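What follows is one structure encoded as structure tokens, with my remarks underneath.
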Amino acid sequence: MNRKVVKEDVDSRIFDAINIIVLFLVTVVIVVPLWNVIISSLSSGKALAEGGFIFWSKEFSLENYRSVFNDNTIWQSFLVSISKTFAGVITHVFFCAMIGYGLSKRYIKGRKLYVAMGVITMFFSGGMIPTYLLIKSLGLLNSFWVYIIPALFSYYDVVILMNFFRNVPDSLEESAKIDGAGDWRIFLKIFIPLSMPAMATIALFNGVGQWNDFMTTKLYITNQALYPLQMKLYEIIVQSQTQSMQNIGGSAVIETTTKGVQLATIVITTLPIVVIYPLLQRYFISGMMLGAVKE
Amino acid sequence: MPSPALQQMGKRPMGQRIKEWVTDFRRQWEIQSMVIPGIIFMIVFCYIPIYGLTIAFKNYTVIDTLSSAPWVGLDNFRIILSDKYFWDSVINTLGISFLKLAIGFVIPIILGIMIYELNRGRFKKIVQTISYLPHFLSWIVLGGMLITWFSTSGLFNQLLLELGLISKPSNILLDAGKYWWIATLSDIWKEAGWGTILYLAVMSKIDPTYYEAARIDGASRIRQIWNITLPNMKMIISLNLILTVSGLLGSNLDQTLVLMNSQNREKAEVINSYVYRMGMTQGDFSYATAVGLGVSIVSVILLVAANKITSKLNDNQSVL
Chain P
16 MNRKVVKEDV DSRIFDAINI IVLFLVTVVI VVPLWNVIIS SLSSGKALAE GGFIFWSKEF
76 SLENYRSVFN DNTIWQSFLV SISKTFAGVI THVFFCAMIG YGLSKRYIKG RKLYVAMGVI
136 TMFFSGGMIP TYLLIKSLGL LNSFWVYIIP ALFSYYDVVI LMNFFRNVPD SLEESAKIDG
196 AGDWRIFLKI FIPLSMPAMA TIALFNGVGQ WNDFMTTKLY ITNQALYPLQ MKLYEIIVQS
256 QTQSMQNIGG SAVIETTTKG VQLATIVITT LPIVVIYPLL QRYFISGMML GAVKE
Chain Y
37 MPSPALQQMG KRPMGQRIKE WVTDFRRQWE IQSMVIPGII FMIVFCYIPI YGLTIAFKNY
97 TVIDTLSSAP WVGLDNFRII LSDKYFWDSV INTLGISFLK LAIGFVIPII LGIMIYELNR
157 GRFKKIVQTI SYLPHFLSWI VLGGMLITWF STSGLFNQLL LELGLISKPS NILLDAGKYW
217 WIATLSDIWK EAGWGTILYL AVMSKIDPTY YEAARIDGAS RIRQIWNITL PNMKMIISLN
277 LILTVSGLLG SNLDQTLVLM NSQNREKAEV INSYVYRMGM TQGDFSYATA VGLGVSIVSV
337 ILLVAANKIT SKLNDNQSVL
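As you go down the protein sequences, you meet chains P and Y in turn.
Heads up, the first sequence is in this note's numbering, so the first residue is 16 and it goes up one at a time.
Heads up, the second sequence is in this note's numbering, so the first residue is 37 and it goes up one at a time.
Structure (structure tokens):
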């Protein structure tokens, strides 16, 4: 056997070993804090005050969750989060698919102008204040619709869907036209069912965005009944921060109670995403690819 | 010399062309009815706010409408230049963005290559699944976690105590001097794994025969990465760099809003949160818009500049 090859083999094994060790450490750095949040949320206030655990709690307790769920406004927020996510995703995907389908037809009059207008929106925007003034003058402040209407459209998603529709063979459309079907019928009955994978991808990205969105509430909503979970959590965090700053060296009891509530709310807010995430992971990845290979 | 008939076909009268266009448009009413709602949406939600940027040159107060507010020219911009808090927020934005760029841009590349080099199927899947996960947490959730991790009885202090690195717990979120690092590292923790996806996709397309040839020539693994993997990723790295650089000034508003407190404010305030504070909490709409407009203009300049530079590096091929 050649000496060079043997040496290269050893080097390569060392490389692999270091690689595996480092990546193992990376996963530990990600998992340990998340695990710590979960077990801390399941600990009694007394154990939280004492601190000192990383992997396993000293005193298992559901008191944090009990006090969170005893608060009716949390249920209300849960409902807001769920309804805005569902309604937002369905309307967004349909609206973008409709426009993407229209733009996928090269013969459509005005196409150049439409595309130019869309591309400009990807690079320029009015920013926070002019958008706020618009939303205000449209009467969308403190309305559930503010979660849905401004989020209807995204030119990125239109482009992705447009490219997807283009890959559907023209003959399908032609034969349907011969049978007398109009554009709407073809779109609804042929293209939508065929495009489920692309639409599912966009739905997932948009769904995570809707679930995690907090700025819309912060900017446009003051009515507590319309607070989603993210805003609820934000309030709890801000509250506990001011409290803990006021009590530096003071009452530890208040601090640990709010800390427990905070942890439980974090887990509740994140749970839906963490539960569906492994099931949908491959869609997320193919979605990234779709987004990357557009143009 | 073309015949008069041919000339006429090329240049039909304007009126006739418009007429034809309108007839075609009418015939397409069904497909047009799908596109037009989108155009209306863009006009209302994208172009009206762009027009609304004019309030940066006006003195807009709550009682005014967009058209009734008096023009003040560049007055708002003049005030910005002498505003200490604005410059603080610029320095913080640049400082945090520079750290995020210097560290946060390179880590996904290294991490991606490391994951790519893992040949064991199972472990590779686990690493990928776990490293993508934090991307899906919102900044509010992550902010809440950071606040509990860094609290005096939280994970961070416990670890340092147990390792004997500190003798007394303290909350580093209240330590303004460390804020830039907290902002940078938490962003990396959240996004580094997700950032590898595109790189991994590009690497999976590299022809494996390159590696075989390199192995026969006796190239070490590091050498193979340097001479095969990295050159193949040049284009996607450039593209990512352009997008990152053009977004430098718009750094994470959610992150700042949740992690900023009265103790770390002077080091935590970024341009975006300053716009939020001036506009939304103090009601100075014209001033806040002027700040936002300035940032957008600089961002576009950065985008163009980064595109120029990276296209030079990619043999004059424009990446965008």
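From the three backbone atoms N, C-alpha and C, an ideal C-beta is built for every residue, glycine too.
Quantities reported herein were computed from a predicted structural model and do not represent experimental measurements.
Taking one C-beta from the segment 81-92 of chain Y and one from the segment 136-150 of chain P each time, how about it: are there three or more such pairs within less than 8 Å?
Contact between the segment 81-92 of chain Y and the segment 136-150 of chain P is present, because at least three Cβ pairs lie under 8 Å.
Next on the checklist: Below 7 Å on C-beta distance, what does S27/P contact in chain Y?
Outcome noted: If you number the first sequence from 1, residue 27/P lands on position 12. Against chain Y, a Cβ distance below 7 Å from S27/P picks out R257.
DSSP three-state call for W71/P: helix, strand or coil? The residue you call residue 71/P lines up with position 56 of the first sequence. Residue state, collapsed to three classes: coil.
(message) Buried or exposed, going by whether 16 or more other CB atoms sit within 10 Å of the CB of W226/P?
(response) Residue numbering aside, residue 226/P sits at position 211 when the first sequence is read from its first letter. Taking all protein chains shown into account, W226/P has 16 or more neighbouring C-beta atoms within 10 Å of its C-beta and is therefore buried.
Taking C-alpha atoms, which residue in I67/Y, S125/Y and I162/Y lies nearest to L40/P? The count along the first sequence starts at 1 and reaches residue 40/P at position 25. Taking L40/P as reference, the option from I67/Y, S125/Y and I162/Y with the minimal CA-CA separation is I162/Y.
Tell me which residues share the same chain as T280/P and place their Cβ nearer than 8 Å to its Cβ, disregarding the 5 neighbours each side in the sequence. In the first sequence, the residue the question calls residue 280/P occupies position 265. V83, I89, L244, K247, L248 and I251.
What is the DSSP secondary structure of S119/P, counted as helix, strand or coil? In the first sequence, residue 119/P corresponds to position 104, counting from 1. For S119/P, the secondary structure class from DSSP, reduced to helix, strand or coil, is coil.
Review point. Which residues mark the beginning and the end of the alpha helix (DSSP H) in which L182/Y is found?
Key: Locating residue 182/Y in the second sequence gives position 146, where the first residue counts as 1. The continuous alpha helix (DSSP H) containing L182/Y extends over residues W175 to F186.
CB contact check: F30/P to chain Y, cutoff 8 Å: If you number the first sequence from 1, residue 30/P lands on position 15. Output row for F30/P: interface = yes.
- Item | Short Cβ contact (8 Å threshold) for G133/P with M78/Y | Residue 133/P sits at position 118 when you count from the first residue of the first sequence. Residue 78/Y sits at position 42 when you count from the first residue of the second sequence. In contact: G133/P and M78/Y (Cβ atoms closer than 8 Å).
task = Just confirm the distance between the C-beta atoms of K344/Y and N128/Y, as a whole number of angstroms; I'd bet it's less than 8 Å.
result = Taking the second sequence and counting its residues from 1, one reaches residue 344/Y at position 308. Taking the second sequence and counting its residues from 1, one reaches residue 128/Y at position 92. In this structure K344/Y does not touch N128/Y by the C-beta definition: roughly 27 Å separates them, more than the 8 Å allowed.
Where T136/P meets chain Y, residues with beta-carbon distance less than 7 Å
Mapped onto the first sequence, residue 136/P falls at position 121. Ordered by position in chain Y, the residues that pass the 7 Å Cβ test against T136/P are M78 and C82.
Under 7 Å between beta-carbons, which chain Y residues line up against N227/P? List them in chain order, please. Within the first sequence, residue 227/P is the residue found at index 212, counting from 1. Those are S174, listed as they occur along chain Y.
Problem - Straight-line Cα distance separating I166/Y from D26/P - result: The residue given as residue 26/P occupies position 11 in the first sequence. The residue given as residue 166/Y occupies position 130 in the second sequence. Each residue's Cα considered, the two are about 28 Å apart.
### Task
Express the C-alpha separation of L38/P and F159/Y in angstroms, rounding to a whole number.
The count along the second sequence starts at 1 and reaches residue 159/Y at position 123. The count along the first sequence starts at 1 and reaches residue 38/P at position 23. Distance between the alpha carbons of F159/Y and L38/P: 9 Å.
- Message: Restricting to runs no shorter than 4 residues, where is the alpha helix (DSSP H) found entirely within the segment 107-161 of chain P?
- Response: The qualifying runs are 126-138 and 143-152.
Quiz item: What in chain Y is Cβ-close to Y292/P, meaning under 9 Å?
Solution: Position 277 of the first sequence, counting from 1, holds the residue named residue 292/P. Contact annotation for Y292/P against chain Y: T165, Y168, L169 and F172 [CB-CB distance below 9 Å, chain order].
Legend entry - Beta-carbon proximity check, L209/Y vs N308/Y, cutoff 8 Å: Along the second sequence, one-based indexing puts residue 209/Y at 173. Along the second sequence, one-based indexing puts residue 308/Y at 272. For the 8 Å CB-CB criterion, L209/Y and N308/Y do not form a contact.
### Query
Does R208/Y have its Cβ less than 8 Å from a Cβ in chain P?
One-based indexing of the second sequence puts residue 208/Y at position 172. According to the sequence displayed, residue 208/Y carries Ile and not Arg. Residue-level contact check: I208/Y does not touch chain P, since none of the beta carbons of chain P fall below 8 Å from its beta carbon.
- Item | CB contact check: G133/P to chain Y, cutoff 8 Å | Taking the first residue of the first sequence as position 1, residue 133/P is located at position 118. So, interface residue.
### Message
Does the contact criterion of 3 or more C-beta pairs under 8 Å hold for the segment 163-176 of chain P versus the segment 102-119 of chain P?
### Response
Taking a cut-off of 8 Å on C-beta distances, the segment 163-176 of chain P touches the segment 102-119 of chain P, as three or more cross pairs fall below it.
Minimum C-alpha distance to I163/P - residue among L295/P, S96/P, I36/P and I53/P: Looking up residue 163/P in the first sequence gives position 148. When each option's Cα is compared against that of I163/P, the closest is S96/P.
Q. So, helix, strand or coil for S240/Y, using DSSP?
A. In the second sequence, counting from the first residue as 1, residue 240/Y sits at position 204. Of the three classes helix, strand and coil, the one that applies to S240/Y here is coil, per DSSP.
- Item | Coarse secondary structure for K204/Y, derived from DSSP in three states | The residue given as residue 204/Y occupies position 168 in the second sequence. Secondary structure at K204/Y: coil, using DSSP grouped into helix, strand and coil.
>> Cβ closer than 7 Å: which chain Y residues qualify as neighbours of K120/P?
In response: As a first step, residue 120/P must be located in the first sequence, where it is residue number 105. Those are I67, listed as they occur along chain Y.
Chain Y contact for G265/P (CB, 8 Å cutoff) = Against the first sequence, residue 265/P aligns to sequence position 250. Any reading at G265/P must be qualified, since the residue scores a pLDDT of 48, below 50, and its modelled position is unreliable; no value is offered.
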